[in-house]
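Numbering (the working numbering), first residue to last: 69 to 362. First up is the structure itself, then whatever we jot down about it.
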């Protein structure tokens, strides 16, 4: 896209990824040391779906990819009561870290889907400096972030490894109709405080609760809410702006609401305020965004 801050809807991003995989014949999109043929991820999922626990499923999935000598190397490393999923990204041709980000997101969300609950991340580490789009990591990895680490990795409690798989061949078939593209394109829907707050804010977007009201609903003091959000790498205003942006993008891709109606639904007193905010979020005016969508 010409505008670096412009956004597309999750469904569009999923379709784009699927089209690129088919066109390139590579699920790594050219960022790996060697291509991964379309269907490789699906075959890996079929190899692990009958495992009894998440730990056995992850080990089998990682072992599957070791059958391909040039595949990115992922390993599980025990650290006391925690376990770390470590990615060796040193051999990747991945200047903007898209593949490294994608691999960590996909494995985390796949594992969460397998056991029917979001795996709470305790830390996400990256072997490179915080990138220009580092603010997006707060949505991809709702946990403390560490950059310029020795390895790129995700840290979580080892209790998840003993949990039974809740999926089967039937649910896997539906899952694979859109995955892994769908895993990459959709926000984390877990139980972090930022996720809870996002759901609270989304209940009535025309009448946004202020920080104090949101904190009271979550049974926290405003100071505690601010501190926890800061630890998750975000803020009340940033979550509010991101949600407004995403809702605006959804409606601009449809023809059911006018720009003024969208502005009112998002709680803007004047359409001009909505125009200014949307351009700040995406680099485009609402009218320009809707025109390019249609």
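All C-beta atoms in this analysis are idealised placements derived from N, C-alpha and C, irrespective of residue type, glycine included. Note that the structure is predicted; figures quoted are calculated from it, not measured.
Using a threshold of 9 Å, state whether the C-beta atoms of residue 288 and residue 277 are closer than that.
-> Within the chain shown, numbered from 1, the residue matching residue 288 stands at position 220. Within the chain shown, numbered from 1, the residue matching residue 277 stands at position 209. No, the Cβ-Cβ distance between residue 288 and residue 277 is not below 9 Å.
With DSSP run on the structure shown, which of helix, strand or coil describes residue 328?
-> On the chain shown, position 260 is the one that residue 328 refers to. DSSP places residue 328 in helix when its eight states are reduced to three.
Below 8 Å, can you find three or more Cβ-Cβ pairs linking the stretch 207-216 to the stretch 93-113?
-> Output reads no: the stretch 93-113 does not touch the stretch 207-216.
For residue 310, name the three-state secondary structure that DSSP assigns.
-> Start at 1 with the first residue of the chain shown, and residue 310 comes out as number 242. Correct three-state label for residue 310: helix.
Are the stretch 299-309 and the stretch 318-325 touching, with three or more C-beta to C-beta distances below 8 Å?
-> Touching, no.
Should residue 135 be labelled buried (16 or more other beta-carbon atoms within 10 Å of its own) or exposed?
-> Translated into the one-based positions of the chain shown, residue 135 becomes position 67. Burial check for residue 135: the Cβ neighbour count within 10 Å stays below 16, so the residue is exposed.
Quick one, which of 194, 262 and 129 has its alpha-carbon nearest residue 167's?
-> Start at 1 with the first residue of the chain shown, and residue 167 comes out as number 99. A check of alpha carbon separations from residue 167 across 194, 262 and 129 identifies 194 as the nearest.
Of all the options 191, 175 and 139, which has the alpha carbon lying nearest to the alpha carbon of residue 158?
-> What you label residue 158 is simply residue 90 of the chain shown in a count that begins at 1. Out of 191, 175 and 139, 139 has the C-alpha closest to the C-alpha of residue 158.
Give me whichever residues DSSP pairs with residue 146 in a beta bridge.
-> Counting from one through the chain shown, the residue named residue 146 turns up at place 78. 151, per the DSSP bridge assignment.
Entirely within the stretch 175-200 and at least 3 residues each: give me those beta strand (DSSP E) ranges in chain order.
-> Listed in chain order, they are 189-193.
What did DSSP end up calling residue 319 once you bin it into helix, strand or coil?
-> Counting from one through the chain shown, the residue named residue 319 turns up at place 251. Residue 319: helix per DSSP, three-state reduction.
With a CB to CB cut of under 7 Å and the five nearest residues on each side skipped, what residues in its chain are close to residue 191?
-> Taking the first residue of the chain shown as 1, we reach residue 191 at position 123. Cβ contact annotation for residue 191 (same chain, cutoff 7 Å, sequence separation greater than five): 211, 212, 214 and 223, in chain order.
Since residue 43 sits in a beta bridge, which residues does DSSP pair it with?
-> Nothing in the structure corresponds to residue 43, since the chain is present only between 69 and 362.
Output the boundary residues of the alpha helix (DSSP H) element that contains residue 268.
-> Working through the chain shown from its first residue, we reach residue 268 at position 200. Its alpha helix (DSSP H) spans residues 261-270.
Cross-strand partners of residue 223 (DSSP beta bridge) = One-based indexing of the chain shown puts residue 223 at position 155. Residue 223 is bridged to 152 and 191.
To which residues of the same chain is residue 319 closer than 7 Å at the C-beta, ignoring the five residues directly before and after it?
-> Here residue 319 is taken as the residue at index 251 of the chain shown, counted from 1. Cβ contact annotation for residue 319 (same chain, cutoff 7 Å, sequence separation greater than five): 325 and 330, in chain order.
What did DSSP end up calling residue 377 once you bin it into helix, strand or coil?
-> Residue 377 is absent from the model: the chain starts at 69 and stops at 362.
Hey, how far is the Cα of residue 155 from the Cα of residue 304?
-> Here residue 155 corresponds to residue number 87 of the chain shown, with the count starting at 1. Here residue 304 corresponds to residue number 236 of the chain shown, with the count starting at 1. For residue 155 and residue 304, the distance between alpha carbons rounds to 32 Å.
DSSP three-state call for residue 239: helix, strand or coil?
-> For this step, residue 239 is matched to residue 171 along the chain shown. It is helical.
I think residue 398 touches residue 181, with their Cβ atoms under 8 Å apart; what is that distance to the nearest whole Å?
-> Given a span of 69 to 362 for the chain in the structure shown, any question on residue 398 remains unanswerable.
Pairwise C-alpha distance: residue 165 and residue 203 | Counting from 1 along the chain shown, the entry for residue 203 is found at position 135. Counting from 1 along the chain shown, the entry for residue 165 is found at position 97. The alpha-carbon atoms of residue 203 and residue 165 are separated by roughly 14 Å.
Residues that residue 121 bridges to, as DSSP identifies them = If you number the chain shown from 1, residue 121 lands on position 53. Paired residue(s): 232.
With 16 other CB atoms within 10 Å as the buried threshold, where does residue 350 fall?
-> To locate residue 350, count along the chain shown from 1; it is residue 282. Buried: at least 16 other Cβ atoms inside 10 Å.
For residue 231, which of 307, 186 and 334 has the nearest alpha-carbon?
-> Position 163 of the chain shown, counted from the first residue, corresponds to residue 231. Closest in C-alpha terms to residue 231, from the list 307, 186 and 334, comes 186.
Exposure of residue 145, with buried meaning 16 or more beta-carbon neighbours within 10 Å = Taking the first residue of the chain shown as position 1, residue 145 is located at position 77. It counts as exposed.
Please go through the same chain and pick out, in chain order, the residues whose beta-carbon is closer than 7 Å to the beta-carbon of residue 122, but skip the five residues on each side of it.
-> Counted from its first residue, the chain shown places residue 122 at position 54. Close CB contacts of residue 122 within its chain, under the 7 Å cut and outside five residues either way in sequence, are with 179, 182, 183, 228, 229, 231 and 233 (chain order).
Local Cβ density within 10 Å of residue 241, reported as buried at 16 or more and exposed below that = Translated into the one-based positions of the chain shown, residue 241 becomes position 173. Looking at its Cβ environment, which holds fewer than 16 other Cβ atoms inside 10 Å, residue 241 is exposed.
Decide if residue 112 is buried, meaning its Cβ has at least 16 other Cβ atoms within 10 Å, or exposed.
-> Position 44 of the chain shown, counting from 1, holds the residue named residue 112. By the neighbour-count criterion, in which a residue is buried when 16 or more other Cβ atoms sit within 10 angstroms of its Cβ, residue 112 is buried.
Inter-residue spacing [alpha-carbon to alpha-carbon] between residue 296 and residue 171 | Working through the chain shown from its first residue, we reach residue 296 at position 228. Working through the chain shown from its first residue, we reach residue 171 at position 103. Between the C-alpha atoms of residue 296 and residue 171 there is a straight-line separation of about 27 Å.
Do the CB positions of residue 273 and residue 312 come within less than 9 Å of each other?
-> Residue mapping note: residue 273 aligns to position 205 of the chain shown, counting from 1. Residue mapping note: residue 312 aligns to position 244 of the chain shown, counting from 1. Yes, Cβ-Cβ distance for residue 273 and residue 312 is below 9 Å.
From the DSSP output, read off the bridge partner residues of residue 164.
-> The residue given as residue 164 occupies position 96 in the chain shown. Beta-bridge pairing by DSSP links residue 164 to no other residue.
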